[in-house]
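Asks: Sequence order for the protein chains is A and B. 317 is the number that the working numbering gives to position 317 of the first sequence; each next residue is one higher, with no gaps. In short: position in the second sequence from 1, add 1000, done, that's the working numbering. Cβ coordinates follow ideal geometry from the N, Cα and C atoms, glycine included. None of the values given here were measured: they were computed from a predicted structure. Next up is a structure, given as C-alpha cells.
Number of protein chains: 2
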Amino acid sequence: MKESLKPTTLTLHQTHQTLADLDSIYTTLTTSLKESSLHVFPEMYLTGYPLKDVILQKSFILAYENLIERINDWSLKVDNSVEWTALIGGIKYELDHDHKIKKIENVVYELKPKQKLTPIYSKRLLPNYDIFDEQKYFTAGEHNCFYQYNDSIFGILICEDMWASNFHKMDPCEIMFQETIKKDLTLSGIINLSASPFNFSKKISRHKRASTISHFFKCPFFYVNLVAGEDEVLFDGQSFCLSGDKIICELKAFQSDQKSISLNEIKTNFNLDVQLNHTNTWEQLFTPRLQYSNSTIRLQSLSDEECQEILNALIFGLQEYAQKSKFKKFLIALSGGMDSALVLAITHLALRPEQEVEAIYMPSAHSSQLSTQLCEKMCKRLNLKLQYLPIKFLHSAIKNTFENTFTENFSGLTDENVQSRLRGMLLYTRSNQTGAMVINTSNKSELAVGYSTQYGDSVGAISLLGDLYKTEVYALSNYINKKFNQLIPEEIISRGPSAELRENQLDQDSLPAYEILDPILEGILSYGLCKTDLIQNGFDTKDVEKVLQLYSRSEYKRAQFCPIIKLKSKSFGFGYRISINKNNQYLNF
Amino acid sequence: MKESLKPTTLTLHQTHQTLADLDSIYTTLTTSLKESSLHVFPEMYLTGYPLKDVILQKSFILAYENLIERINDWSLKVDNSVEWTALIGGIKYELDHDHKIKKIENVVYELKPKQKLTPIYSKRLLPNYDIFDEQKYFTAGEHNCFYQYNDSIFGILICEDMWASNFHKMDPCEIMFQETIKKDLTLSGIINLSASPFNFSKKISRHKRASTISHFFKCPFFYVNLVAGEDEVLFDGQSFCLSGDKIICELKAFQSDQKSISLNEIKTNFNLDVQLNHTNTWEQLFTPRLQYSNSTIRLQSLSDEECQEILNALIFGLQEYAQKSKFKKFLIALSGGMDSALVLAITHLALRPEQEVEAIYMPSAHSSQLSTQLCEKMCKRLNLKLQYLPIKFLHSAIKNTFENTFTENFSGLTDENVQSRLRGMLLYTRSNQTGAMVINTSNKSELAVGYSTQYGDSVGAISLLGDLYKTEVYALSNYINKKFNQLIPEEIISRGPSAELRENQLDQDSLPAYEILDPILEGILSYGLCKTDLIQNGFDTKDVEKVLQLYSRSEYKRAQFCPIIKLKSKSFGFGYRISINKNNQYLNF
C-alpha cells in the first residue's frame, strides 16, 4: 500500500440551527470552510430539520434555490489556496416548470472550492414512525455511496440508514458491505450525517449501534448530529467518532461544537465476528410501544446522570422556544405543589442575564395556608417577589353572575374547574400585559388521565413536565435539591399532592397512588400492554380498569394541549396519534 | 359465449361506522348477508378508518382477532341455503409470538357461507399526504386481483388505487389492464372499496375518474364508500355505480345506504380511445397546494348546491361528534356578529328532538345596543331564550385585582383579550354545569391571521366554520336565509364585522377587506402561491406582506385549536403541518 499523500482529517460541524434560517446557514457554512480537511455537516444542514410542509411551499423552494445559488457563487469566487472539501446535508428538488414538485430527496452534497454543490448520496431509509413523516415528503435513494477523499474511501449514510431493522425491507449497511466485498474496497470510515431527535439515554444506543457497524466494517464511525429545539423536538448534538469499542471523541450536548480528527491517529482492534444484529432494532430502541413484554413492569427510577441529562434538555428546550419566539420574560403560576415548584426551579436555573421570571400565586378559598407559606419560601430562596392575585372575590363574583342569569349556582366539578380557568385567564392577562411566555406546569401522569382543566391549568406556550410522570417529577426535584442547595422547599416535595380545588382534596382520592398509576401508564403508552398483560403483571384489576377508562376518555384534552418538550421515545404530542372519538371497548382485552 | 348460469347482482353496503366499534361491525355484517349477491363493503369496514395508532395497540389487535374469530364461527354455522358472497375491507396483521407486529396490510377479504374470511387483495397505493399516514402503518400489496364470481370476473381496487398520478411510482389500473390483455381477460366490472374523506364537490372528481377508468376497461365501475365523522374528517358515502358516461345508481350522502345492481341491466357504449390520463392527478384534485397557477386568483363563490352540500356536511359532522362523545346539549356564545349567528343557525337546523341548544350573550362595555337587539331577534326567530351573562362587572373586577397586585392597570390588546377569555371561561363553566358541548365560532380567515384570542373566542369542542373563509360564511348565511325563511336577521349579515373588544372597533381596522384577504389566504394555503405570485396576480404588496406576517406569526394559536370539520382538500388541522418556531424570511420570496 502506498503512503497517504496528505494526512487525512475529518472535521465534524455540530451546528446549532433554526428551521429555515437560510441566512445563518449561509454565513455559518461559508465561514467554517477554511482548513484543509473533510468537513462534515449534519443531515439537512442547508434547511434545518424537520421542515414538515414548509418543504412544499413555493416561497421556500425559491428561497432555497437562492441559498444554493449564493453558496455556488461564493464557492466559485473563494480563494482556493487551501483545498477544503465539505459534505453537507441538504435536500434536492426535482421540479417541473413553474416549480411544481416532482420529487424531493434527502441528500448529501459535496462542496469544494471552485465547484458547485454536487449531490453524491440520497438517503435510503426514510423513517415514518412516531414524529417522523419522511415518506410524506421524500423519495428514497437506491444506491450506496463510497466517497473518495484523498486516498481514503468513506461509506456515507444519512441518519436512519444506520438503524435498519427487521421492520425495514433492506439494510443500507448490509448492502454497502456486500458492495465493498464485491469491489474489494477497504473503507477508511463510515460517515453518518444525522438529524437525530433527543431521548434521554439515547446516546448509549447510538454508541452501541455505531460500534457494531464499526466492528462490522472494521473502520471508524463518524457521527454528526445537529443542535436545535424545534417546538417539541430537541436535537442534542452529541456527535462523536468511535472505532470498534473505543470512543475517539465526543462533542458537546445541546451546544454547537466542532472537532477535527486525524485518521492516522485512530488505532483500534476490531472484533472479527461481529454481525449486524437486527434484533437491536429501532422499534426496540426508539419505539418501545411495539414491544410487548411479560416481565414485571416497574418505572425505572431516574439516576443522577439521567436527571442531569433531563434537566439540561428542559433548559435547552425552554430557551430554544423562548429565543425563537423572542420572549425575554417567563411567567409561572405557583400553587404550592410539586409541579409548579419544579417548573419554577428549572426556569430559574435556565435564566440568562437579560431574562426574568415572574411567579404568580392565585389562592382561592380552598388554598391552604401551607401552600401560601411554601410559595413564599420558594420565592425567597430564588430571590423572587411572589405576586399575589387572589381569586376568591372573582370566584364569588362569577358565582353571583351565574345565580343571576341561570337562577342556579354551581358546585362540584364545575366549581373546581372555574377556579382553574379563572387562573388560566388571569395568567394570560398578565402574560399579555408584560409580554411574558407562560410555562405550562402539567405532568405526564395528569395528561394521561385527564386530571387537569382544559383552558385552566393546562394552558401555556410550552410544557416542561408533560413527558415526565409524577414519580419522575419527584425524582427530578430531589436531584435538583441535592445539586442546587435545596432550591425547592423540602415540604413541597414531602406533602401529599392536591389540586386544592375543594376542601381537603388529595389526588389520591380520584387516582391510584402514583407509584401504581405511573407504571400502568408507561405499560399502556410505551410498551403497548393490554389490560390482561397489566393484570398478569400484578396490578389490581380495578386500578387498571380505572386508568384505562380515564386515559381513553381524555383524548379531547390532549388534542388541544400545548407542545411538550419530548424527552422519551413515546410522548404525547405530534408523534402520538389517537382519535378523540372511537369506541373504547377494545381496551377491555 | 355461454349464458350466465345465475343473474349476477352486486350489493353495495354503504355503512355508517364508529371507529373500532367491533360489536356493531359484527352485527351489521352478519345481518346484512342474506341475499344471493356479491355483497361489497367499504375499505377497512372491519375496523373503521382511520385507526391511526390504535392499529398498533395490542388490545386492539386482540379485540380484532376476536372479531375475526366470531365472524368465522358465524360463517361456519350459518345456513347456506342462500349462497351469498361478500367482499369486505379489513386489515391483515402479520404478527410474531406475543403479538409483536411484523407487517400490516390494508386488504379485501372474501367471505362465503361455511368458509372463513380469506384475504384476496392488498391495497397497492398507500396515500401518505395531507391527513393520510398510510405508509406509517401499512405495507403495500404487489399483485392485481381478478376476482371471479359466478362467471364474471371483477378487477378489485382499494380507494387510492384508482387515483394514481405521476407522483406515484406506478398505477394499479395500468398494471391491471396490462394483465387483462396478457391473459385475455374480459372484466365484468371494477370494484373499488373506499374510505374516502369528504371535500365539497369531491363527488364530481370521483365520478370523472371512475368514468375514465370505466371507459378504459370497457366495463362498469362500482364504488363503495363509508359514512362516518371521525373527529375532523367526514366520510360522505355517496357510493355509486357508473358505466362509461352513464351513472347507473347513486347512494345517499351522509347516511348509511344499500343498493343492489343487476349486471345484466347495465348497458353502455364505451369510448374506444380513452386513456388513463395522469394529468388529472390527486395532487390537482385533492392537494392543490402543490399547484402553482399564474392565473388571477378569485375565491370562487359558492353555488346554492355547494352551500347545501356544506350545510349537510356541517350538520352531519356536528352530530357525529355529539353522538360519539355522548352530548345531548349544545352551547354557543352569540356576539351579535355573523359567525356565531351562522353557527347557531346550523346547530338549530341540526337539532334532533332529544337535543337542545343554549345561546349565551355575554356583553361587555363595548358591546353595542345593536348587538343586543340582533341576538334577541335571532333567538326569537329560533324560539330560543337568550341567556344574558354580562361581563362588565367581572371585567372591572379583574382590572381592580390587577391594579391591587401589580399597581398598574391594563389596556389595549390585553384589555381586549381579557374580555374574550372571560367569555371563554364563563362559557365552559356553563358547559360544565349543564353537560353541554361548546361549539366554536371561529372562521378560517380569522384562524389564518390569528385574529382571535387563545383560550378566548377560540375555545370549543369542535369548529364548524374553521374551514370556511369569512366571505364563504356570508355566502352560506345568505343561502340559509333564502332556504330557511330568514333564520338569521338580515342586519347581522349586512353590518360590518367587529370583535367589539374596544370602542368602534372594526375588523377592517386591522385586516385587509375580506374580499381581498380571503383570496390571498387561499392562494397561500391551497395553491402554494408565494409573495411574488400574489403581487403578480394584482394584490397590493402591503396587503400581501401584512397577511403573510400575520399568518406566519399565528401558528402557535392554530397548534392548540380544536378539531375543525374538514370541508376542503387543504384545511387547518391534522393534515396541516407547519412548525410554530421557524425563520419566516423565506416568505419574502
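How close, in whole Å, do the beta carbons of B/L1140 and B/K1123 come, if the pair is a contact with beta carbons under 8 Å?
Replies: For clarity, residue 1140 of chain B is Ala in the given sequence; the question names Leu instead. That pair is a contact at about 7 Å.
Asks: Under the DSSP definition of a beta bridge, which residues are partnered with A/Y109?
Replies: Looking at the DSSP assignment, A/Y109 forms a beta bridge with A/I88 and A/P119.
Asks: So the beta strand (DSSP E) A/N440 belongs to, where does it begin and stop?
Replies: From DSSP, the beta strand (DSSP E) with A/N440 extends over A436 to N440.
Asks: With a CB to CB cut of under 6 Å and the five nearest residues on each side skipped, what residues in its chain are close to B/F1327?
Replies: Excluding residues within five positions, the ones whose Cβ falls inside 6 Å are M1437.
Asks: What's the C-alpha gap between A/A63 and B/Y1586?
Replies: In a straight line, the C-alpha of A/A63 is about 5 Å away from that of B/Y1586.
Asks: Report the rounded CA-to-CA distance for A/D273 versus A/Y147, giving the unit in angstroms.
Replies: For A/D273 and A/Y147, the distance between alpha carbons rounds to 26 Å.
Asks: Would you say B/Q1323 touches the ligand SAH, meaning its beta carbon is less than 7 Å from a heavy atom?
Replies: Looking at this structure, you won't find the ligand SAH or any other ligand, since it has none at all.
Asks: Using the C-alpha atoms, what's the distance from A/W163 back to A/M425?
Replies: Straight-line Cα distance between these residues: approximately 46 Å.
Asks: So B/N1469 packs on B/K1444, CB below 8 Å; how close in whole Å?
Replies: Residue identity differs from the one stated: residue 1469 of chain B is Tyr in this sequence, not Asn. About 5 Å separates the two Cβ atoms, so the contact holds.
Asks: Measure the CB-CB distance between A/L185 and A/I565 and report whether it falls below 8 Å.
Replies: Contact: no.
Asks: From A/Q300, A/F316, A/E500 and A/S239, pick the residue whose C-alpha is nearest to that of A/S368; which is it?
Replies: Ranking A/Q300, A/F316, A/E500 and A/S239 by Cα distance to A/S368 puts A/E500 first.
Asks: Are three or more beta carbon pairs between the stretch 401-412 of chain A and the stretch 1417-1436 of chain B nearer than 8 Å?
Replies: Yes: the two stretches touch, three or more of their Cβ pairs being nearer than 8 Å.
Asks: Could you check if B/I1181 is buried or exposed, using at least 16 other CB atoms within 10 Å of its CB as the buried criterion?
Replies: With fewer than 16 other Cβ atoms within 10 Å, it is exposed.
Asks: Is A/L529 close to chain B? Criterion is C-beta to C-beta, closer than 8 Å.
Replies: Yes, A/L529 counts as interfacial toward chain B.
Asks: State the Cα-Cα distance for the pair A/K568 and A/F198, rounded to the nearest angstrom.
Replies: Near 8 Å, if we compare the C-alpha coordinates of A/F198 and A/K568.
Asks: Check distances from the C-beta atoms of the stretch 1331-1357 of chain B to those of chain A and list, in chain order, the residues that come in under 8 Å.
Replies: Of all residues in the stretch 1331-1357 of chain B, none has a Cβ within less than 8 Å of some Cβ in chain A.
Asks: Assuming contact is defined by CB atoms lying nearer than 8 Å, are B/V1054 and A/I578 in contact in what I supplied?
Replies: Against a cut-off of 8 Å, the Cβ pair of A/I578 and B/V1054 comes out as a contact.
Asks: Can you say whether A/A365 is buried or exposed, counting buried as having 16 or more other CB atoms within 10 angstroms of its CB?
Replies: Looking at its Cβ environment, which holds fewer than 16 other Cβ atoms inside 10 Å, A/A365 is exposed.
Asks: Going by DSSP, what residue range makes up the beta strand (DSSP E) through B/F1154?
Replies: First-last of the beta strand (DSSP E) with B/F1154: S1152 to I1158.
Asks: What does A/G424 reach in chain B if we use C-beta pairs closer than 7 Å?
Replies: Going along chain B in sequence order, the residues near A/G424 (Cβ under 7 Å) are Y1455.
Asks: Take B/Q1017 and list the residues in its own chain whose beta-carbon comes closer than 6 Å to its own, dropping the five residues that flank it on each side.
Replies: If we look at B/Q1017 and ignore the five residues flanking it on each side, its Cβ neighbours are G1048, L1226 and A1228.
Asks: Beta-carbon within less than 7 Å of A/L550's beta-carbon, same chain only, minus the 5 sequence neighbours each way: which residues are those?
Replies: Around A/L550: V449 and G450.
Asks: Checking contacts by CB at 8 Å: is A/S325 closer than that to chain B?
Replies: For A/S325, the answer is yes, since a Cβ of chain B falls inside 8 Å of its Cβ.
Asks: For A/T212, which option in A/G189, A/G244 and A/Y137 has the closest C-alpha, if you only look at C-alpha atoms?
Replies: For the residues A/G189, A/G244 and A/Y137, the minimum Cα distance to A/T212 belongs to A/G244.
Asks: Would you check if the distance between the CB atom of A/S196 and the CB atom of A/F154 is smaller than 8 Å?
Replies: No; because the gap between Cβ atoms is not below 8 Å, this pair is not in contact.
Asks: Can you grab the Cα-Cα spacing for the pair B/Q1258 / B/L1012, in whole Å?
Replies: Distance between the alpha carbons of B/Q1258 and B/L1012 is about 5 Å.
Asks: What's the call for A/F221, buried or exposed, on a 16-neighbour Cβ count within 10 Å?
Replies: Under this definition A/F221 is a buried residue.
Asks: Quick one: what does DSSP say B/Y1455 is sitting in, helix, strand or coil?
Replies: Correct three-state label for B/Y1455: coil.
Asks: At 4 residues or longer, what runs of the alpha helix (DSSP H) sit wholly inside the stretch 1200-1257 of chain B?
Replies: Counting whole runs of 4 or more residues, the stretch 1200-1257 of chain B contains the alpha helix (DSSP H) stretches 1202-1217.
Asks: Do we get a CB-CB distance below 8 Å when we pair A/N417 with the residues of chain B?
Replies: Interface residue, yes.
Asks: Given this structure, state the Cα-to-Cα distance separating B/A1333 from B/M1362, to the nearest angstrom.
Replies: Roughly 7 Å between the two C-alpha positions.
Asks: Sort A/C375, A/T30 and A/A322 by Cα distance to A/A461 and report the nearest one.
Replies: When only C-alpha atoms are compared, the closest one is A/A322.
Asks: Can you give the Cα-Cα distance for B/C946 and B/Y1388, rounded to whole angstroms?
Replies: The question about residue 946 of chain B has no answer here: the residues shown for chain B are numbered 1001 through 1589.
Asks: What does the alpha-carbon distance come out to for the pair A/L67 and A/Q560?
Replies: Their Cα atoms are separated by approximately 36 Å.
Asks: Distance, Cα to Cα, B/Y1223 vs B/K1208?
Replies: C-alpha separation (whole angstroms): 12 Å.
Asks: Determine the closest residue to A/S262 out of A/H39, A/T8 and A/V108, with distance taken between C-alpha atoms.
Replies: Nearest C-alpha to A/S262: A/T8.
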